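Under the UniProt record's numbering, the very last position in the sequence shown is 149; numbers go up by exactly one each time.
For every residue, glycine included, the Cβ atom is placed at its ideal position computed from N, Cα and C.
These numbers come from a predicted model, not from an experiment.
Structure record follows, encoded as structure tokens.
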Amino acid sequence: MIVDNLANAANYYNLHPLFKKAFEFIGNLDINNVETGTTEIDGDLLKVTIAEAKLKPAGEAKLETHKKFIDIQIPVTKPEIFGWKSLSSLSQPKEGYDPVNDIGFFDDEPSTFVTIIPGEFIIFSPEDGHAPLIGEGETKKIIIKVAVV
1 MIVDNLANAA NYYNLHPLFK KAFEFIGNLD INNVETGTTE IDGDLLKVTI
51 AEAKLKPAGE AKLETHKKFI DIQIPVTKPE IFGWKSLSSL SQPKEGYDPV
101 NDIGFFDDEP STFVTIIPGE FIIFSPEDGH APLIGEGETK KIIIKVAVV
């Protein structure tokens with residue numbers, strides 16, 4: 001898991017060949033006026049989704065993992081809390097891994113929580129179990145899916 005400010009995004013370009021393209025796309029958006037929907041930036045390798053969602057209490061958020069994609073998540077309208085636990089420590093699968101949607105859920109409790117505010121981002125690799133959308137009310141956020149290469 002990586003947490004930082006969008007102003008520092010260039011520091012992470014060397015971590016993945018598509019990170020530069022992803023962050024440059026976000027940098028060209030009018031984040032406060034962006035509409036919901038999904039845009040393919042580089043075919044199936046890089047997708048950006050603008051989503052509106054209801055936040056929930058920490059006890060209702062389920063840890064999830066992905067095998068094929070790295071998640072970069074950016075809150076747009078309000079802070080969002082994320083739960084985290086290392087994949088190697090997860091032991092209570094809720095459902096089997098769904099390869100079509102690249103997601104698996106776990107009933108484990110997160111080992112830590114982090115709050116991300118608008119202007120910041122969080123990166124989850126396949127080794128990171130994460131529970132998004134923790135908080136109160138509704139939010140708008142950006143979810144970038146970057147294929148593991």
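Worksheet item: From PRO99 to THR65, what does the alpha carbon distance come to, in whole angstroms?
Response: 11 Å
Worksheet item: Looking at C-beta atoms only, is the number of pairs between the region 77-86 and the region 118-132 that lie closer than 8 Å three or more?
Response: A contact exists between the region 77-86 and the region 118-132.
Discussion item. Here's the rule: buried if 16 or more other CB atoms are within 10 angstroms of the residue's CB, otherwise exposed. What is ILE74?
Written reply: buried
Discussion item. Output needed for ALA9: all residues of its chain with C-beta closer than 6 Å, excluding positions within five of it in sequence on either side, in chain order.
Written reply: PHE23
Worksheet item: Shortest alpha-carbon distance to ALA147 belongs to which of ASN32, ILE123, GLY135?
Response: ILE123
Worksheet item: Is the region 4-20 in contact with the region 91-109, if contact means three or more CB pairs nearer than 8 Å?
Response: Result no; under three Cβ-Cβ pairs closer than 8 Å.
Worksheet item: Does the beta-carbon of THR139 have 16 or more other beta-carbons within 10 angstroms, so that it is buried, or is it exposed?
Response: buried
Worksheet item: For ALA147, which beta-bridge partners are listed by DSSP?
Response: ALA147 is bridged to PHE69.
Worksheet item: Taking the C-alpha atoms as reference points, what is the distance between PRO93 and VAL76?
Response: 31 Å
Worksheet item: If you compare alpha carbons, which of PHE69, PRO118, PHE121 is closest to ASN101?
Response: PHE69
Worksheet item: Between residue 156 and the rest of its own chain, which residues show a CB-CB distance below 7 Å, the 5 nearest in sequence each way excluded?
Response: Any question about residue 156 goes unanswered here, given that the chain covers just 1 to 149.
Worksheet item: For LEU63, does the three-state DSSP call read helix, strand or coil?
Response: strand
Worksheet item: When the Cα atoms are used, what is the spatial distance from ILE41 to LYS141?
Response: 17 Å
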